[in-house]
Amino acid sequence: MRNSSLASIERIKAAANAAQTGKPINLVPYLLVAPTLILVSLFTIYPAVGSVVSSLYRPPRNVRDPSTFVGLENYFDLFDPTHYIGSTFLQVISNTIIFALATVVVSVPLALGFALLLNRRIKRIGVYRFSLFYPALLPMIGAASIWAFLFADPLGLVNTILRTFGSRGQNWIGDPNIALFTVTTVNIWKQAGFYTIFYLAGLQNIPRDLYEAAELDGAGECQKLLYLTIPLLRRTTLFILIVSFTFGFQTVEHLQALGQGGPGDRSNLLLYFIFQSIGERRNWGYINAMTVVLVLVLMVFTVTNFLYFERRRDDETS
Amino acid sequence: MRHHNALGSRVADAVTTLLSLLWLSPLIFAILLSFRPPNEPITNGNIFFGSTITLDNYRAAWSVAPWLTHYLNSIIFVVGVLIVQLVTVTMAGYAFARMRFRGRDTLLLIILLQLMIPSGVLIVQNFATIRTLNLFDTHIALMLPYWGSAFGLLLMRQTFREIPFELEEAARIDGASLWQVLRHVYIPLSIPAYTAFALVSISSHWNEFLWPFIVTRSESVRPLTVGLSKLVATTDVGALYNQLMAGTLLVIAPLVILFMFFQRRFIESFARSGLK
């Protein structure tokens, strides 16, 4: 079976080589790939390159004048805290990093906890699974609009409950010192269930007999968790960490229903700030430079992720 | 020892119940609030129930936006994206799985750039492209950037590679064309992968907001999420949370109900979406 398949693949390869050297090139594979290639070129490569190019120019004061080439000046302005765009950009990027990191730090351990709880023989598993996972299926703006009610001041649920304990409650969305915490909470609630799925898959790949062996050696639940489960889930954890961190840089739609980045950009996130700039007449050189910064951050993580896991998978299959 | 285990699992059960309730509570309170009379915020009387149960909020929310149009637009958006995707990922997936051609690896790498630079991040430039192509405020503008899917391509390439080559060879000997080979060998054997891809594609586009918001202006093409954002904006002014919850539930209901019935399918599909 295996031999005949190899032989036939060899035959096809030989035929393909013959086609390459002698007869004209077979166009079929190119035609099959063309639609995808064109779309990716038009909506990924062209805009990525376009952002880099535009980020090197300063738009003219008058629409009819040409733009001026300014090299990396836009980037210097972005990272200059005394410049008006720099002060905003540094605020927004630090918000974004805090948002992404806090989401990772809280939701990934939560996801592991959820997965361990769900990966047992348990009654009404469907109800629990639904409860923990449904937030992941909501549109971000729908999730945010529910939380807009929970966090409303004074009519919201959270403050109503706090008042029964004698607290005045907080202005969760309008207080510049709390707003970022609020939008992060929503994201943690939404993402934890999503990452749970990957942990559940990881848990199911751990052979049962490892646990039986550990039990024979007298290991308790805690020891099994610390010395067996968590180390064996290392790859899953690394994967989830990278994915959740890059997600953190792209998840912004909830801001639309939760204060729109305010007050004064104190809860604004980079992609949402870029999105807002489309409606307002902001400097396009700066906006493109910000896009490039965002793309670079994402690429560093996704390329690492891709190289690491793709290489591992090749090792496993070959 | 046995006794200890039983206790441990009872504690775990309690923790599971508690966490599930905590995670479920936003939805429960949204539902409860949506049935309270419009002029009764939760600060008024009982925190769970109002003086009576009413559909007034649903009527009010329904009149704020043309929801049927938004529903239809969302359906056109996700179905229109999915159908074209299924064609493009099948074609390219087969080429990269089973054909040898010059520049194959380079082309694959170029396409994989889409996984590294999500198109959602390139909204400013892509918005300009839609303007240039004169597609602003059309259904096509919503769908176009998603018609090529590197994730779907990788998934299909992987799936097609696992199908025994003898099956294709046998069909070829019987004189089958490329289309017939795909139609009778590859596609029927890959239904689970297609299902997984479809669920991931549908749920991500059904929930999308930023891109549809940017490239459309008329209600006649705007999907549900954009309609909801309008409701959110009116709530900002009047603090009509009862009505906002009714509207939100109208928007999120289809996927949430679908998930209730097909939990396993969804979870398996999303698990695969990670294996990029």
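Protein chains in written order, with numbering that gives the first Met the number 0: chain A, 0 to 317; chain B, 0 to 275. Built from N, CA and C at the ideal position, the CB exists for glycine as well.
List the residues that DSSP assigns as beta-bridge partners of residue i.
i        : result
Thr67(A) : Arg57(A)
To the nearest angstrom, report how far apart residue i and residue j are at their CA atoms.
i         : j         : result
Val250(B) : Asn133(B) : 30 Å
Phe308(A) : Ile241(A) : 11 Å
Met115(B) : Thr301(A) : 5 Å
Thr42(B)  : Leu243(B) : 16 Å
Tyr74(A)  : Leu154(B) : 38 Å
Phe107(A) : Leu108(B) : Note that residue 107(A) is Val in the sequence shown here, rather than Phe. Approximately 30 Å between the Cα atoms of the pair.
Gly201(A) : Ala191(A) : 15 Å
Leu239(B) : Gly258(A) : 16 Å
Ser266(A) : Gln90(A)  : 9 Å
Trp283(A) : Gly92(B)  : 38 Å
Phe104(A) : Phe197(A) : According to the sequence displayed, residue 104(A) carries Val and not Phe. When rounded, the distance between both Cα atoms is 16 Å.
Leu30(A)  : Phe100(B) : 12 Å
Gly119(B) : Ile46(B)  : 40 Å
Val10(B)  : Leu177(B) : 59 Å
Pro175(A) : Ser203(B) : 31 Å
Met0(B)   : Tyr127(A) : Unreliable placement is indicated for Met0(B), whose pLDDT of 43 sits below 50; no coordinate value is reported for it.
Asn304(A) : Asn241(B) : 44 Å
Asn186(A) : Arg216(B) : 28 Å
Arg1(A)   : Tyr194(A) : At Arg1(A) the pLDDT is 47, less than 50, meaning the model places this residue with poor confidence; the figure from the coordinates comes in the next sentence. Rounded to the nearest angstrom, the two C-alpha atoms are 38 Å apart.
Ile75(B)  : Gly125(A) : 31 Å
Lys275(B) : Glu267(B) : Confidence in Lys275(B) is poor, its pLDDT being 37 and thus under 50, which makes the residue's placement unreliable; the coordinate value appears in the next sentence. Roughly 14 Å between the two C-alpha positions.
Val225(B) : Phe274(A) : 14 Å
Leu223(B) : Ser73(B)  : 6 Å
Cβ closer than 8 Å: which chain A residues qualify as neighbours of residue i?
i         : result
Leu6(B)   : The premise fails here: Leu6(B) is roughly 11 Å from chain A at the closest Cβ pair, so nothing lies under 8 Å.
Ser19(B)  : Val126, Tyr127, Ser130 and Leu131
Ile266(B) : Arg128, Phe132, Ile196 and Leu199
Thr215(B) : Correct list: empty, because the minimum Cβ distance to chain A is about 13 Å.
Ile109(B) : Leu36, Val39, Ser40 and Ile44
Ser228(B) : Ile140, Gln255 and Ala256
Ile287(B) : Residue 287(B) lies beyond the residue range present for chain B, which begins at 0 and ends at 275; the question has no answer from this structure.
So residue i contacts chain B; which residues on that side make the cut at Cβ distance below 8 Å?
i         : result
Asn287(A) : Val123 and Gln124
Pro153(A) : Thr42
Thr303(A) : Here the premise fails: no neighbours, minimum Cβ distance about 10 Å.
Leu116(A) : Ala11, Val14, Thr15 and Leu18
Trp188(A) : Trp22 and Pro25
Ser50(A)  : Leu121, Val123 and Gln124
Val291(A) : Within 8 Å Cβ-Cβ: nothing; Val291(A) doesn't reach chain B, min ~10 Å.
Anything in chain A within Cβ reach of residue i, meaning under 7 Å, just list it in chain order.
i         : result
Gly316(B) : Residue 316(B) lies beyond the residue range present for chain B, which begins at 0 and ends at 275; the question has no answer from this structure.
Phe260(B) : Here the premise fails: no neighbours, minimum Cβ distance about 10 Å.
Gln113(B) : Val39 and Thr43
Pro25(B)  : Ile145, Trp146 and Leu149
Ile187(B) : It should be pointed out that residue 187(B) corresponds to Pro in this sequence rather than to Ile. In chain order: nothing, as chain A lies at least about 19 Å away.
For the alpha helix (DSSP H) that residue i lies in, which residues bound it at each end?
i         : result
Leu324(B) : In this structure chain B extends from 0 to 275, so residue 324(B) is not present and cannot be described.
His69(B)  : Trp66 to Arg97
Ala245(B) : Tyr240 to Phe260
Ile172(B) : Phe164 to Ile172
Gly278(A) : Leu269 to Gly278
Leu209(B) : Leu209 to Val214
Pro28(A)  : Val27 to Val39
Gly155(A) : Looking at the DSSP string, Gly155(A) is not in any alpha helix (DSSP H), and its letter there is neither H nor E.
Arg119(A) : That residue, Arg119(A), is in no alpha helix (DSSP H); it is neither H nor E in DSSP.
His82(A)  : Note, His82(A): premise wrong, no alpha helix (DSSP H); not H, not E.
Ala60(B)  : Asp55 to Val63
Thr158(B) : Ala149 to Arg160
Ile196(A) : Ala178 to Gln203
Phe75(A)  : Glu72 to Leu77
Leu177(B) : Leu177 to Val180
Val62(A)  : Premise fails: Val62(A) is in no alpha helix (DSSP H) and is neither H nor E.
Run down chain B in chain order and give the residues with a C-beta less than 7 Å from the C-beta of residue i.
i         : result
Tyr198(A) : Within chain B, no residue comes near Tyr198(A); the closest Cβ sits about 10 Å away, beyond 7 Å.
Ala47(A)  : Ile116 and Leu121
Leu270(A) : Val120
Identify the contact partners of residue i in chain A, using a Cβ-Cβ distance below 9 Å as the criterion.
i         : result
Met90(B)  : Leu30, Leu31, Val32, Ala33, Pro34 and Thr35
Met244(B) : Ser144, Ile145 and Phe148
Pro144(B) : Leu38, Leu41, Phe42 and Thr43
Quick one: does the C-beta of residue i sit closer than 7 Å to a heavy atom of the ligand MG?
i        : result
Pro40(B) : Although the ligand MG was asked about, the structure shown includes no ligands whatsoever.
If we count Cβ pairs, one from each stretch, closer than 8 Å, do we get three or more for the region 247-255 of chain B versus the region 124-139 of chain A?
-> yes
Decide if the region 39-46 of chain A is in contact with the region 139-155 of chain B; the criterion is three or more beta carbon pairs, one per stretch, under 8 Å apart.
-> yes
Is it a yes or a no for the region 116-124 of chain B touching the region 45-57 of chain A, going by three-plus beta-carbon pairs under 8 Å?
-> The way I'd put it, the region 116-124 of chain B does touch the region 45-57 of chain A; three or more beta-carbon pairs between them come closer than 8 Å.
Pairing CB atoms from the region 26-37 of chain B with CB atoms from the region 139-149 of chain A, are three or more of them under 8 Å?
-> yes
Three or more C-beta pairs closer than 8 Å, one from the region 153-173 of chain B and one from the region 70-86 of chain A: is that the case here?
-> no
Do three or more CB pairs link the region 122-132 of chain A to the region 206-225 of chain A at distances below 8 Å?
-> no
Could you say if the region 239-253 of chain A and the region 94-104 of chain A meet the contact criterion of at least three C-beta pairs nearer than 8 Å?
-> yes
Does the region 69-88 of chain B come close enough to the region 215-230 of chain B that 3 or more CB-CB pairs lie under 8 Å?
-> yes
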